[in-house]
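As they're listed, the protein sequences go chains A and B.
Convert by adding 353 to the 1-based position in the first sequence; the result is the number in my numbering.
Convert by adding 353 to the 1-based position in the second sequence; the result is the number in my numbering.
Built from N, CA and C at the ideal position, the CB exists for glycine as well.
Owing to the predicted nature of the structure, the values given are computational and were not obtained by experimental measurement.
Protein chains: 2
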Amino acid sequence: MAGATRTTTHHTARTRSWWGWGWADAHPDDAECTAMGALLPGTLARPLPVPRISDLRIDRPAVEAPRSLSGAVTADPAARAAHAMGKAYRDVVRALHGRPGRIPDLVAHPESDREVADLLEWAGEHGVAVIPFGGGSSVSGGVEYRGDRHRAVLSMDLTAMNRVLEVDVAGRAARIQAGVLGPSLEDQLRPHGLTLRHFPQSFEFSTLGGWLATRAGGHYATVHTHIDDFTQSLRVVTPAGAGTSWRLPASGAGPSPDRLFLGSEGALGVITEAWMRLRERPVHKASAALDFESFAAALEAVRAIAGSDLAPANCRLLDSGEAALSGASQDGSSVLVLGFESADFPVDTRLEQAVGLARAHGGRIGESRDGGRDAVGAWRSAFLRMPYLRDGLARMGAIAETFETAATWDRVPGLIDAVRTEVGAAALKATGHPALVNCRLTHVYPDGAAPYFTVLAAGRPDDQVAVWDHLKEVAGEVLHRHRATITHHHAVGRDHRPGYDLQRPEPFALALRAAKGALDPHGILNPGVLVDLVDLVD
Amino acid sequence: MAGATRTTTHHTARTRSWWGWGWADAHPDDAECTAMGALLPGTLARPLPVPRISDLRIDRPAVEAPRSLSGAVTADPAARAAHAMGKAYRDVVRALHGRPGRIPDLVAHPESDREVADLLEWAGEHGVAVIPFGGGSSVSGGVEYRGDRHRAVLSMDLTAMNRVLEVDVAGRAARIQAGVLGPSLEDQLRPHGLTLRHFPQSFEFSTLGGWLATRAGGHYATVHTHIDDFTQSLRVVTPAGAGTSWRLPASGAGPSPDRLFLGSEGALGVITEAWMRLRERPVHKASAALDFESFAAALEAVRAIAGSDLAPANCRLLDSGEAALSGASQDGSSVLVLGFESADFPVDTRLEQAVGLARAHGGRIGESRDGGRDAVGAWRSAFLRMPYLRDGLARMGAIAETFETAATWDRVPGLIDAVRTEVGAAALKATGHPALVNCRLTHVYPDGAAPYFTVLAAGRPDDQVAVWDHLKEVAGEVLHRHRATITHHHAVGRDHRPGYDLQRPEPFALALRAAKGALDPHGILNPGVLVDLVDLVD
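Here's what the structure looks like:
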């Protein structure tokens, strides 16, 4: 079909991996996988083979798009397989074992709001489930259909809507189509001297619409941590009609319309474009890394900095395990990475003041650095490489995944201890081998912080998914007991529904179900995300 | 009834005015009113008399509360009259003329969530409209029933729920009952060294719950301008049940539950308590006032400051009329008042940098100040006195009211010009006398600003309300044409519904109506606010 040619053109010869993170050519090779596996006793002697789409059984589509939409829709098996799941560890492992999630019947690449609306109308008439799909980097089951197996499924890939449509240079804002991937977005803004500065780990492989629909966390560690804060106006196409909020710097007119769709994860409508608040590129930068013997003291330092008016752009605390893993420190220290930036004024004084607060809590500059090695740079390159290494470890049969949360400061130390202890014990019991459970703080607030955990453990290929699901369940129980959110910036998807349902206040649940019923009366949009279809039938 | 004794005890002998702003003893006396009127040609020679509750016709209540709730409910005529309306100019004038809005049948002062829920249950069973009421300072018809005159109405005054229940000093947060008035809230926080620092003009006469339900704008001119940003968790009692969101510094789990109730203006539920993010009291402060010959240049200066990382606490720009009115300047200059504060570090450098940006756009420090007179202080005392003066002018038959909005920077200069020109022309036409239409910016953003307008004109007692409503309609048309929000921080209430309905995106309207139907199935909560009851019946 003609639609198959609509997949976004990257001006590069690189190919996206259908089964794993990012670029196919960036994955560790068999030798590297084997070397990594050797560091984790109990893993395989050689890696599981890279899976091939041609080995999958892909049924003929259960539905066919009408002729009027055929230009936007493809039934190409490779496109369908690449849209079956997100990129969580459990997704990667299922692909490695040739058992991916439900492969959608069709993939659409709409190029306009009109096509989005037409697709929704057709899907509503035929009861076809529609999964909005940006870069496909969901790590919480956000783009995978898990409902009635007899229902037809269409993956709606927005990446053909990938242009910056309008730039208000003086007002530092731009109207941007939702399907644009991070690098292309920044490429299109650069000639105007502007930047969104939203750099999640998935930057290369996720879209503006995905960031908005999942309330993604980005570049800034303090103050404006989520994409929400950079949103000036949204355009949303729903089965019940489309609408655009006004471009406003702020408003007090009723509940924020945009805040209902931010985080709606494709369950209430399809975000097709947004006016985003931009920044001038920073010209003043200053950063430092401090070592702490005591993680508890480092937490206090971070709390002091987060509670001040200093507003660092970067304020990431790595515990000793995380610091060792990323190469930021090898002597058992925890490492605090601080960064300030501004387009307007030098930030050295602010850095000095933040370093002063860190020193007052026992921080020491740079002592653990070997030679000229820069902890900031080490951290950054390790950060972008991590998902590839995770997939390499998955090929060795290992457990290798992350999850994140946020809690108020009174909860943070106990929460981190409990996750380490209880997830570690559960991993030992399940695998027979000790696990690494590391922690870093990615975003910090005057009233709390967002801990991000990495779990590394041996595993067996026959039960990798089951063991990880068990560990995640244990983690979810710890989070719930400490009243820590089930997700700070990875979205609810399907994987986090149990925790989400427990934490969501009942009046909001009632309101959300009612809103879903009004906007998506046939229950076609991302079924099972945020709201159960059975709730709508009640 | 016993409930009559439940009105909040202020430890003061001062009495609240039932018909006008604030304290009864703070109103200008007849001589002052006459002197003010003399400045506005065309007003009365002597003021309208202060209205008395005893002159009102107050019918017997159409309903009686059940015995189980009688302790919480009063039918006292004075209490009922004082809960009939908010404190907009049009409310004050109607009271002056002995024609207040619908006087509620009953006033309740619940002391617990249980009583709130019981009152809602009783009201639902009997079809009684319930108007949640905080300090009663609404300036947009938010606390006045305007529906079917045969329907019984209960004003639910939350001010008996006025305590700080819990303080997390280390986490800088407190759990606070919604009915607490500003001064009592700060009094209760002071022993802990903490402050909410939310100081709207109505601070003495408005409650935390009112601020939350109306998305009030507060102390800070930049970054965290609305109460929304200081909200950690909300407790809401709705006719369909109660719920509390978790205390979280941030979360990405679905759309923000709190953001649906922030700005819900009592139409979705009653906010009974909240965990609020607090601050340590600032110890470092620095401020300056700059004069600008050109208002346009001053706007550019403000845009530069708002777009920088300096984040002043105060950044208020007064046009020449507003500067003259408040005593900040008498030479035709516009005046920019800048203020910085911090609990952590000296802010002199930041002030210097902001002043530098202002100077680069033609700002001059202090030249128009007469002697040691401080524009900052002059502005502050005039600010708190203004609503009293407004009421004094109302007694002279004058038109004297304000309204505010927000728009992106590309719209701001044209919007301000159009409001001045078109509202001024409409006032001249309606009254036969020239009007003052002044403007200040109260809150500023990298992408826009919140202009706040003051309108002063002669008027005639027989058509003060009609003339003002006409001017407000003209203003609303200008705002709509310039895509400026119908309110930045004064809420929608009933007065702003036409503008609100035009600006609200249709998918959000559908979702909001559905949410209202789910949470308030009998349509008892603040009928006519945000959503029409007829919408629910459809």
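Going by beta carbons, F756 of chain A and V808 of chain A fall inside the 9 Å limit. By the rule that beta-carbons nearer than 9 Å mark a contact, P485 of chain A does not touch chain B. Around the Cβ of K782 of chain B, a 10 Å sphere holds fewer than 16 other Cβ atoms; the residue is exposed. Annotation: Cβ neighbours of H796 of chain A in chain B (cutoff 8 Å, chain order): A603. M514 of chain B sits in coil when the DSSP states are folded into three classes, being neither helix nor strand.
About 6 Å separates the CB atoms of F645 of chain B and G715 of chain B; that is less than 8 Å, so the two are in contact. By the rule that beta-carbons nearer than 9 Å mark a contact, S687 of chain B does not touch chain A. When the alpha-carbon of L737 of chain B is set against those of B:F558, B:V520, B:P665, B:E775, the nearest one is in B:F558. Nearest in C-alpha terms to R764 of chain A, of all of A:R499, A:S695, A:S609, A:R834, is A:R834.
Residues are counted here when their Cβ sits less than 9 Å from a Cβ of chain A; for the stretch 835-851 of chain B these are R836, A837, T838, I839, T840, H841, H842, H843, A844, V845, H849, given in chain order.
Contacts between T755 of chain A and chain B, judged by CB atoms closer than 8 Å, are missing: the closest CB pair is about 14 Å apart. The contact set of V589 of chain B on chain A, defined by CB atoms closer than 9 Å, consists of P858, P860, F861 in chain order. Around the beta carbon of T774 of chain A, a 10 Å sphere encloses fewer than 16 other beta carbons of the protein chains shown; the residue is thus reported as exposed. For P453 of chain B, same chain residues with a beta-carbon under 8 Å away, outside a window of 5 residues either side, are W372, L409, A434, A437, M438, D444, R447 in chain order. Contacts with chain B (Cβ-Cβ distance below 9 Å) from the stretch 557-581 of chain A involve T567, R568, A569, G570, V576, H577, T578, H579, D581, listed in chain order. By DSSP's assignment, D521 of chain A forms a beta bridge with A:A526.
Note on Q585 of chain A: 16 or more other CB atoms within 10 angstroms of its CB, so buried under the neighbour-count rule. For the pair R568 of chain B and G616 of chain B, the CB atoms are nearer than the 9 Å cut-off. Shown here for I456 of chain B: same chain residues with a beta carbon closer than 7 Å to its own, the five before and five after excluded, namely I411, R433, A434, A437 in chain order. Residue pairing of D644 of chain B in beta bridges, as defined by DSSP: B:V688, B:R717. DSSP, read as helix, strand or coil, puts W821 of chain A in helix. Burial check for T597 of chain A: the Cβ neighbour count within 10 Å reaches 16 or more, so the residue is buried. At a Cβ-Cβ threshold of 9 Å, V576 of chain A and G622 of chain A do not count as neighbours.
The beta-carbon of G616 of chain A is placed less than 9 Å from the nearest beta-carbon of chain B. Nearest to G674 of chain A by C-alpha distance, out of A:A513, A:C792, A:S508, A:Q856, is A:C792.
Relative to P851 of chain B, the option among B:K869, B:S687, B:D822, B:A868 whose CA is nearest is B:D822. In this structure, V416 of chain A lies away from L473 of chain A, with their beta-carbon atoms at least 9 Å apart.
Q585 of chain A has a beta carbon lying within less than 9 Å of a beta carbon in chain B. H843 of chain B and S493 of chain B do touch by the CB rule: their CB atoms are close to 5 Å apart, below 8 Å. According to DSSP, R669 of chain A shares a beta bridge with A:V690. In the three-state scheme derived from DSSP, where H, G and I count as helix and E and B as strand, W628 of chain A is classed as strand. By the neighbour-count criterion, in which a residue is buried when 16 or more other Cβ atoms sit within 10 angstroms of its Cβ, D815 of chain B is exposed.
Secondary-structure assignment with DSSP links M739 of chain A through no beta bridge to anything. If you check the CB distance, V700 of chain A and A639 of chain A come in under 9 Å. In this structure P536 of chain B is exposed. Its beta-carbon is surrounded by fewer than 16 other beta-carbon atoms within 10 angstroms. The Cβ atoms of V884 of chain A and G495 of chain A lie no closer than 9 Å to each other.
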